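Enquirer: Residue numbers (the numbering used here): 566 to 667. Ideal Cβ placement from N, Cα and C applies to all residues, glycine included. Only a predicted model underlies this, so the values are computations on that prediction, with no experimental measurement involved. Right, I'll just put the structure down here and ask away after.
Have a look at this one:
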């Protein structure tokens with residue numbers, strides 16, 4: 566049986582010792598790539614720079630300029646709810662990846 570890298574794998578015994586050493590040299594250890602921890606401000610900035618969020622903020626600004634303050638406040642409230650949820654999910658993802666590394 567051949568896998569994606571072209572090496573031979575026995576269905577019961579797995580890789581031979583030679584094949585395992587060869588792959589260890591060429592591909593390295595089976596580890597997640599390490600990334601430096603992102604600053605909370607940077608994460609928040611990335612969330613705010615998403616195109617859909619910028620579009621909604623622009624729509625809120627247009628509502629304010631047109632004098633529709635109630636509509637603008639409602640739209641901006643939901644924008645901040647979405648920002649909060651996205652920020653929370655991003656932090657949760659970082660913690661999950663960190664837990665997988667340990």
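With DSSP as the reference, label residue 579 as helix, strand or coil.
Expert: Residue 579 sits at position 14 when you count from the first residue of the chain shown. Strand at residue 579.
Enquirer: What separation, rounded to the nearest whole angstrom, lies between the Cα atoms of residue 584 and residue 646?
Expert: Along the chain shown, read from residue 1 onward, the residue named residue 584 stands at position 19. Along the chain shown, read from residue 1 onward, the residue named residue 646 stands at position 81. Those two C-alpha atoms are separated by around 52 Å.
Enquirer: Do residue 613 and residue 625 have their C-beta atoms within less than 7 Å of each other?
Expert: Taking the chain shown and counting its residues from 1, one reaches residue 613 at position 48. Taking the chain shown and counting its residues from 1, one reaches residue 625 at position 60. Cβ distance not < 7 Å, so residue 613 and residue 625 don't count as in contact.
Enquirer: Output the distance between the C-alpha atoms of residue 623 and residue 601, rounded to the nearest integer angstrom.
Expert: Residue mapping note: residue 623 aligns to position 58 of the chain shown, counting from 1. Residue mapping note: residue 601 aligns to position 36 of the chain shown, counting from 1. Those two C-alpha atoms are separated by around 33 Å.
Enquirer: Taking DSSP as the reference, what is the three-state secondary structure of residue 594?
Expert: Residue numbering aside, residue 594 sits at position 29 when the chain shown is read from its first letter. In this structure, residue 594 counts as coil in the three-state DSSP scheme.
Enquirer: Between residue 656 and residue 607, which are expected to be in contact by the criterion C-beta below 8 Å, what is the C-beta distance as a whole number of angstroms?
Expert: Here residue 656 refers to the residue found at position 91 when the chain shown is read from its first residue. Here residue 607 refers to the residue found at position 42 when the chain shown is read from its first residue. Going by Cβ atoms, the distance from residue 656 to residue 607 rounds to 12 Å, so no, they are not a contact pair.
Enquirer: Can you look up residue 625 in the DSSP assignment and give me helix, strand or coil?
Expert: Walking along the chain shown from the start, residue 625 turns up at place 60. Residue state, collapsed to three classes: helix.
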